[in-house]
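The structure under discussion appears below in the form of structure tokens.
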Amino acid sequence: MAIDYLPVINTHFTLFGGHQETVPADWQWPAEEHPAFELMYILKGRQRTITETGELVLQAGEFTVIPIETRHTNYALDHRPMTYFCMHFNLDDPALRYLLIREYAGRIITPADAIYPALRTQAEHLMAMIGPDYNLADQLDLQVSVIDVIMTLVKDLKVAGKFKPHAADVDQFMLCHQLASDLKAQLDYQIYHAAEPQQPSVAKIVAARNISQSYALKLFQKYYHESPQQYLIALKLATAKELLRQPKARINAVSAKLAYTSPSHFTREFKKHFGQTPREYMRQEKTE
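Going by this note's numbering, the sequence shown opens with residue 12, and the numbers climb by one from there.
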């Protein structure tokens with residue numbers, strides 16, 4: 012007689028904390044990336060989030076999930092205070108990480124989405140638990156609540172028929188993700204530490220992973236829909252926006268930090284990518 016059994020499951024998640032905060036009208040957070048997913052929920056006001064892959068404007072009541080190791084900068088908009096809740100979590104299952112990164116990067120979850128009511132209820136439950144001390148029962152409740160959030164995101168993928176990743180896809184995506192992280196690390200060094208900034212070498216970074224240039228190109232086109240060089244350019248220009256927002260920012264200095272051959276070259280590439288010149292962007296930021 013055949014007997015069915017529940018599976019043996021040996022996986023875990025980590026909650027890296029979370030908080031609710033009201034920030035002033037001129038608030039901005041420097042570019043950063045986390046070894047975890049970040050769930051952001053805007054309660055009041057509006058937030059601009061600039062990542063290496065694009066720009067989001069979150070209205071009050073909306074969510075986004077910022078993937079692992081995705082560089083991002085957050086700003087309050089509208090010249091008024093903003094209130095938000097954020098939570099950082101990670102999973103040790105590479106397939107789940109792959110699915111969450113693939114499907115939620117650059118996505119805003121609004122009241123029109125089917126998962127919104129559950130996600131909002133779960134976020135409000137987590138916010139209600141914020142306090143100075145946590146006993147064992149509180150910690151267990153937090154664990155269950157975070158699992159509920161993850162399950163809400165996962166069930167959304169199952170309903171959409173996007174929950175069956177192939178092992179090869181997961182391995183390839185993680186390799187592509189590592190290459191992207193290497194490019195970010197090299198760019199950071201050139202901008203913030205090198206005495207004379209130089210263009211990061213895509214060829215050297217790819218070779219260090221012991222793969223061919225053609226295979227790296229295939230991976231980036233499959234998962235990022237652009238070449239490694241195009242990804243690097245987008246990353247540089249996302250960083251340019253952050254630098255241009257700094258007090259007393261100068262276009263010539265930003266161009267030099269990003270290792271452009273000239274300010275005019277930087278201006279052309281910035282306008283091609285964003286549809287406005289660096290000067291126009293700086294003017295716009297002062298009026299928003």
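By construction, the Cβ of each residue, glycine as well, lies at the ideal position given by its N, Cα and C atoms.
Could you tell me which residues DSSP pairs with residue i in its beta bridges?
i: ILE77; result: GLU49
i: VAL34; result: MET93
i: HIS83; result: GLU43 and THR62
i: VAL165; result: Paired residues: none, contrary to the question.
i: LEU17; result: DSSP output for LEU17 lists no bridge partner at all.
i: VAL98; result: The residue asked about is misnamed: residue 98 is Met in this sequence, not Val. For MET98, which the question treats as bridged, DSSP gives the partners GLY29 and LEU50.
i: ILE119; result: THR75
i: LYS55; result: THR94
Would you mind working out which of the options sits nearest residue i, comparing C-alpha positions?
i: ALA106; options: ASP180, GLU44 and PRO143; result: ASP180
i: ALA139; options: ASP152, LEU147, ILE79 and ALA71; result: ASP152
i: PHE231; options: LYS215, GLN257, LEU186 and GLN39; result: LEU186
i: GLN224; options: PRO211, TYR234 and SER238; result: SER238
i: ARG91; options: VAL157, THR33 and THR62; result: THR33
i: LYS55; options: GLN31, HIS99 and LEU248; result: GLN31
i: PHE281; options: ALA260, GLN257 and THR250; result: THR250
Quick one: is residue i buried, meaning 16 or more other Cβ sit within 10 Å of its Cβ, or exposed?
i: GLN7; result: Lying outside 12 to 299, the shown extent of the chain, residue 7 is not represented and no answer is given.
i: THR298; result: exposed
i: PRO289; result: buried
i: TYR86; result: buried
i: ALA123; result: exposed
i: TYR271; result: buried
CB-CB under 8 Å to residue i, same chain, minus the five flanking residues each way: which ones, in chain order?
i: GLY65; result: GLY117
i: PRO41; result: THR84 and GLU253
i: ALA47; result: THR25, PHE27, ILE79, HIS99, PHE100 and ASN101
i: PRO35; result: ALA87 and PRO92
Near residue i, which residues of its chain fall below 7 Å by C-beta distance, leaving aside the five closest residues on each side in sequence?
i: PRO274; result: ILE262, ASN263 and SER266
i: ALA129; result: THR163
Output yes if chain D places a C-beta closer than 9 Å to the C-beta of residue i; else output no.
i: LYS297; result: Judged by its chain identifiers, the structure shown contains no chain D, having just a single protein chain.
Taking only the alpha-carbon atoms, compute the straight-line gap between residue i and residue j and give it to the nearest angstrom.
i: ALA125; j: THR60; result: 23 Å
i: LEU168; j: PRO176; result: 11 Å
i: GLY29; j: ALA134; result: 11 Å
i: ALA214; j: HIS45; result: 26 Å
i: VAL19; j: VAL160; result: 22 Å
i: LYS283; j: MET293; result: 16 Å
Leaving out five residues on either side along the sequence, give the residues of the same chain with a beta carbon under 6 Å from the beta carbon of residue i.
i: THR121; result: GLU73
i: ILE77; result: GLU49 and HIS83
i: THR25; result: ASN101
i: PHE184; result: TYR109 and TYR234
i: SER192; result: GLU80
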